[in-house]
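Notes for the one structure printed next.
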Amino acid sequence: MISTPVAHPPSETDSSYAVVRLLITLVLMVVGASGMYVVAVVLPAVQAEFGVARGVASMPYTLSMIGFGIGGMLMGKLADRFGVMVPLLVGAVCLGVGFIVAGMAPNIVVFTLAHGVLIGLCGSSATFSPLIADTSLWFVRRRGIAVAVCASGNYLGGAIWPPIVQHFVDTVGWRQTYFGLGVVCFIVMGGLALLMRRRPPVATVAASRGGMNLTSDRPFGLAMNKAQLLLCVAGVACCVAMAMPQVHIVAYCGDLGYGAARGAQMLSLMLACGVVSRLISGLICDRIGGLRTLLLGSALQGIALLLFLPFDGLASLYVISALFGLFQGGIVPSYAIIVREYFPASEAGGRVGAVIMCTMLGMALGGWMSGQIFDLTGSYHVAFVNGILWNLLNFGIGAFLLRRTLRNNGANGANGANGANGGLRGASV
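Residue numbers (our numbering): 1 to 429.
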């Protein structure tokens with residue numbers, strides 16, 4: 001008797017080398033995240049120096065997030081063709097140059113363009129989507145927790161950078177701080193990128209398709225592009241809501257009289273709790289699936305946003321910032337799991353990239369929109385209400401997709417039972 005060979009994942013996957021590579025990826029994520037979170041800390045100082053409105057001062061963040069989202073797709077394609085080391089080296093150069101150019105900016109226009117093009121589009125974008133994709137190819141058995149650890153680097157950077165940057169802004173000024181950031185990012189990212197030369201095992205993708213697969217040509221019982229569009233709208237909506245505290249908490253604390261340093265501490269606390277949230281959400285995803293995890297995170301994020309309305313005391317804001325981080329950290333990674341669960345594996349890269357890009361656009365829109373609302377009303381109260389409404393849209397889309405999924409599963413189960421009964425009747429005849 002000839003035995004059928006059993007496919008096993010290649011030895012490189014889930015290996016000690018894969019774990020070391022994951023740790024290097026985590027550091028790269030932390031360094032690259034500086035391009036996303038530093039501008040929120042220097043926002044008050046930049047606004048004062050250039051003499052612009054809060055909405056205009058929020059534009060560097062907005063353009064950097066737009067560039068981050070678009071650049072993630074471009075850098076992902078570059079990594080697919082040449083390996084992840086190449087986009088990382090490009091990112092190291094552009095992030096370093098971008099910080100230095102922004103630090104030398106004579107006006108808000110140059111400052112904004114440096115963030116949008118060099119820091120966002122060509123710099124930080126190399127350290128998110130491409131690294132998540134690369135990590136997923138080095139792990140098979142523990143892919144969920146590996147991706148969660150990788151994605152946590154983004155929030156870990158958000159926890160580390162704000163207090164450091166605020167310290168140097170207070171002591172040497174924001175321009176000198178930007179110069180230092182440029183040098184550090186170039187040296188650290190460039191050095192670590194050289195350690196990522198090895199390409200992922202070719203057989204990993206094929207091996208990963210041997211497990212449970214819930215995909216179909218009609219995800220959620222919808223046409224493929226319609227389902228994709230709903231996920232993209234949900235991604236925009238959740239991140240418009242998410243951006244309000246993350247982008248404006250430093251300025252909000254300054255307006256309340258607590259000082260920018262307190263706001264930087266709250267932002268750091270918020271993002272540190274986001275790291276914990278991402279890890280826990282990764283474990284939850286393995287148990288209940290990405291869609292339910294998205295709904296859980298959306299509901300909890302809405303509760304945290306509601307708490308900002310009645311409570312603005314210093315101690316209260318610290319507590320709410322921590323809760324906000326704990327509640328929303330797992331939302332964005334859940335979209336990648338949803339795509340892998342409901343869409344064809346052969347299209348996962350492009351579809352995940354599209355949804356992640358929409359979450360970045362949501363962060364960009366939310367940061368700008370909150371600044372504009374503040375300029376119109378002189379308060380962040382309405383901006384919080386605006387975030388809550390967008391969050392309701394996200395929750396509504398998630399609930400709609402879950403309801404359709406449950407309905408389709410029930411119909412498929414009934415059809416399967418009918419088919420089985422018919423087979424039994426035929427056998428008895």
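Even glycine gets a Cβ: it sits at the ideal position worked out from N, Cα and C.
All figures in this text were calculated on a predicted structure; none of them were measured in a lab.
**Message:** On the criterion of 16 or more Cβ atoms from any shown chain inside 10 Å, does H167 qualify as buried, or is it exposed?
**Reply:** It is exposed - the Cβ of H167 has fewer than 16 other Cβ atoms within 10 Å.
**Message:** Any heavy atom of the ligand COA inside 7 Å of the beta-carbon of F139?
**Reply:** Summarising the ligand content, the structure contains no ligands, and the ligand COA is consequently not present.
**Prompt:** Going by beta carbon distance, what residues of the same chain come within less than 6 Å of N213, once the five residues before and after it are set aside?
**Reply:** Here N213 scores only 44 on pLDDT, less than 50, and its place in the model should not be relied on; the value that follows carries that caveat. So the list is empty, once near-sequence residues are dropped.
**Request:** Excluding the 5 residues preceding and the 5 following G32 in the sequence, name in chain order all residues of the same chain whose CB lies nearer than 6 Å to its CB.
**Result:** Scanning its chain for C-beta atoms nearer than 6 Å, with the 5 sequence neighbours on each side dropped, one finds around G32 the residues S124 and T127, in chain order.
**Distance CB(S334)-CB(G396) smaller than 8 Å** = Cβ distance not < 8 Å, so S334 and G396 don't count as in contact.
**Asked** By the 10 Å Cβ neighbour count, where 16 or more other Cβ atoms means buried, how is M59 classified, buried or exposed?
**Response** By the 10 Å Cβ count, M59 comes out buried.
**Message:** Let's test the definition: count the other Cβ atoms within 10 Å of the Cβ of P310 and tell me whether it reaches 16, buried, or not, exposed.
**Reply:** Classification for P310: exposed.
**Message:** Measuring only the C-alpha atoms, how far is V247 from A40?
**Reply:** C-alpha separation (whole angstroms): 5 Å.
**Prompt:** Looking at C-alpha atoms only, which residue of R218, V250, F139 and F327 is the closest neighbour of Y380?
**Reply:** Check the Cα spacing between Y380 and each of R218, V250, F139 and F327: the tightest is with V250.
**Prompt:** Residue ranges of each alpha helix (DSSP H) run of no fewer than 4 residues wholly in the region 333–396, ordered along the chain?
**Reply:** Counting only unbroken stretches of 4 or more residues, the alpha helix (DSSP H) elements lying wholly within the region 333–396 are 348–377, in sequence order.
**Request:** Rounded to whole angstroms, what's the CA-CA distance from V109 to A223? Just pull it up for me.
**Result:** V109 and A223 have their C-alpha atoms roughly 43 Å apart.
**Item:** Unbroken alpha helix (DSSP H) run spanning A146, endpoints
**Value:** Where A146 is concerned, the enclosing alpha helix (DSSP H) stretches over R143 to V172.
**Request:** Leaving out five residues on either side along the sequence, give the residues of the same chain with a beta carbon under 8 Å from the beta carbon of T112.
**Result:** Same-chain partners within the cutoff: M59, P60 and L63.
**Helix, strand or coil at R12 [DSSP, three-state]** = Note that residue 12 is Glu in the sequence shown here, rather than Arg. For E12, the secondary structure class from DSSP, reduced to helix, strand or coil, is coil.
**Message:** Comparing C-alpha positions only, which one of I303, L323, R292 and A299 sits nearest to S268?
**Reply:** Residue L323 is the option with its Cα nearest to S268.
**Message:** Looking only at its chain, what residues have a beta carbon closer than 8 Å to the beta carbon of V90, apart from the 5 residues adjacent to it on each side?
**Reply:** Here the set comprises M75, L78, C122 and A126.
**Exposed unless 16 or more other CB atoms sit within 10 angstroms - verdict on I338** = Answer is buried; the Cβ neighbour count reaches 16.
**Message:** Suppose you measure from the CA of I369 to the CA of P201; what does that come to, to the nearest Å?
**Reply:** For the sequence presented, residue 369 should be read as Met rather than Ile. Their Cα atoms are separated by approximately 43 Å.
**Request:** Could you say if the region 397–406 and the region 286–302 meet the contact criterion of at least three C-beta pairs nearer than 8 Å?
**Result:** Flag = yes, the region 397–406 and the region 286–302 touch.
**Nearest to V93 (by Cα), restricted to the options I187, T135, L23 and Y37** = Distances from the alpha-carbon of V93 to those of I187, T135, L23 and Y37 put I187 closest.
**Asked** Going by the beta-carbon positions, is the gap between W390 and V275 smaller than 8 Å?
**Response** No. Outside cutoff.
**Prompt:** If we call anything under 8 Å between Cβ atoms a contact, is G330 one with S298?
**Reply:** Taking C-beta atoms as the reference points, G330 and S298 fail to come closer than 8 Å.
**Prompt:** D134: buried (16+ other C-beta within 10 angstroms of its C-beta) or exposed?
**Reply:** With 16 or more other Cβ atoms within 10 Å, it is buried.
**Closest Cα partner of L430 within the set M196, N225, I164 and I303** = What the structure shows of the chain is the stretch from 1 to 429, and residue 430 is not part of that stretch, so it cannot be assessed.
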